[in-house]
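Engineer: Read in order, the letters of the sequence shown correspond to residues 89 to 438 in our numbering.
All residues carry an ideal CB built from backbone N, CA and C; glycine is no exception.
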Amino acid sequence: MRHCSTTLILIGLLAVSACAQDIPVASDTPSAAAQEAKQTTPAAKLPPDRRKFAVIITGIGGEEIYVEKFGGWKDKLKQALVNRLGFAEDQVISLTEKPEEDEQRATAEIVRQTFTKLRTAVGPDQQFFIFFIGHGSFDGKIAKFNLAGPDLSANDYSQMIDEIKARQVIIVNMASASGEFIKPLSGKGRIIITATKSGMEQNAPKFAEHFIASLGNPEADADKNGRVSALESFNYAVKLTGDSFKQAGTLVTEHALLDDNGDGVGHPLAEAGDGVLAKTTYLDSLPQQQAGGDLELAKLYEERMRLEGEIEQLKARKPDMKTEDYETVLEKMLIDLARLSQTIRARQKK
């Protein structure tokens, strides 16, 4: 049987990072990225990161109370993406019932036109985020998101998203009946978050308010690494949504789900293979912030975060692997991580 002792020595000599919890290191040892995040003084507003695109689709509210509520959530989401998370303002596309400056009306035709344009705009090295705010519907067979005019179904969105060749796709459907979107949208490299567990939960969800509040919010940073992951945002919103029902003394009418392993089955917690990808996926642009304008250093930071994410995914697969195979792959990854951390430190000294 192989052992990781050699790797442990190498890690101790070459790297600050110790992100594989299966080896005997202190469980509270922060990753290198986490340590540097705490040492970095954030700017009031991050420089725009052009490797991220976001589409916010805000559907019709129906009653005026929902028109105002959905519009308010949309505005807060846009502000969080641009002001706190480093999204380029011209790469945050807002389609809404009552468009303001630089927005368009949320109709099926305009949604399709938007995704057609994004086929060429979004590259294979970029992240693509889609946010739904509004009402959904489900007739027992077809799930839809309510737009001005004809609605589009989950299958319609699946076809459009399939044509976007992004490195990673994150879909957050905060509408009623959104649970039915998981199966058609699920896929490798995708994170799907929904406000409800099925199409039968059709009350206007509270989840959106709390998910949007989590973005860049230190209170949502459960592991205290200076960043809020997609999983932490999900968990934060789930908790606050549940608390709101308890405080009101009313029956819980929504149960959020997460799917990020591509099996088309969502879970309310990080379990059954879900949560691994979301745990290491962030909406912010910390690598760019840490690099201070050094593009090469930013790429090194991103590569380290990618490798740390792959180690987390390997750990999730451990029960299905032979011990020797697992330790062999883990050792190689840790050596790569140590060498990469050494390269980063050398670059920082220049």
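1) Any contact of the region 158–165 with the region 194–209, i.e. 3+ C-beta pairs under 8 Å?
2) Determine the burial state of Arg278: buried for a count of at least 16 other Cβ atoms within 10 Å of its Cβ, exposed for fewer.
3) Tell me the residue span of the beta strand (DSSP E) that contains Thr202.
4) With Phe141 as the anchor, note down where its beta strand (DSSP E) starts and where it stops.
5) Comparing alpha-carbon positions, which option in Phe141, Tyr154, Ala196 and Gly330 lies nearest Pro212?
6) What's the C-alpha gap between Arg139 and Val155?
7) Under three-state DSSP, which class holds Lys68?
8) To which residues does DSSP link Ile281 through a beta bridge?
9) Just to confirm the assignment, what range does the alpha helix (DSSP H) spanning Gln401 have?
10) On the premise that Thr284 lies in contact with Ala265, defined as a C-beta separation below 8 Å, what is that separation, rounded to the nearest angstrom?
11) Tell me whether Arg315 is buried or exposed, calling it buried when 16 or more other Cβ atoms sit within 10 Å of its Cβ.
12) What do you reckon, are the CB atoms on Leu273 and Ala242 nearer than 8 Å?
13) For Lys253, does the three-state DSSP call read helix, strand or coil?
14) Work out the CA separation of Ile432 and Phe233 for me, nearest whole Å.
15) Between Asn243 and the ligand FAD, is there a pair consisting of the residue's CB and a ligand heavy atom that are separated by less than 7 Å?
16) To the nearest angstrom, how far is the alpha carbon of Lys276 from that of His355?
17) Going by the CB atoms, is the gap between Val257 and Ile270 shorter than 8 Å?
18) For the alpha helix (DSSP H) that contains Ile448, what are its first and last residues?
19) Using the three-state DSSP reduction, which class does Lys232 fall into: helix, strand or coil?
20) Applying the 10 Å Cβ sphere with the 16-neighbour rule, what's the burial state of Lys439?
21) Identify every run of the alpha helix (DSSP H) within the region 286–332, keeping only runs that are complete inside it and at least 4 residues long; order them along the chain.
22) Under 8 Å Cβ to Cβ from Gln436, same chain only, skipping five residues before and after it: list those, please.
Structural biologist: To lay it out plainly:
1) no
2) buried
3) Run containing Thr202: none in the beta strand (DSSP E); it sits in the alpha helix (DSSP H), Ala196 to Ala209.
4) Lys140 to Thr146
5) Phe141
6) 32 Å
7) Not covered by the structure: residue 68. The range shown for the chain is 89 to 438.
8) Val260 and Leu346
9) Leu383 to Arg405
10) 6 Å
11) buried
12) yes
13) coil
14) 45 Å
15) Summarising the ligand content, the structure contains no ligands, and the ligand FAD is consequently not present.
16) 16 Å
17) no
18) In the structure as shown, the chain begins at 89 and stops at 438. Residue 448 is therefore absent and cannot be evaluated.
19) strand
20) Lying outside 89 to 438, the shown extent of the chain, residue 439 is not represented and no answer is given.
21) 295–302
22) Leu385
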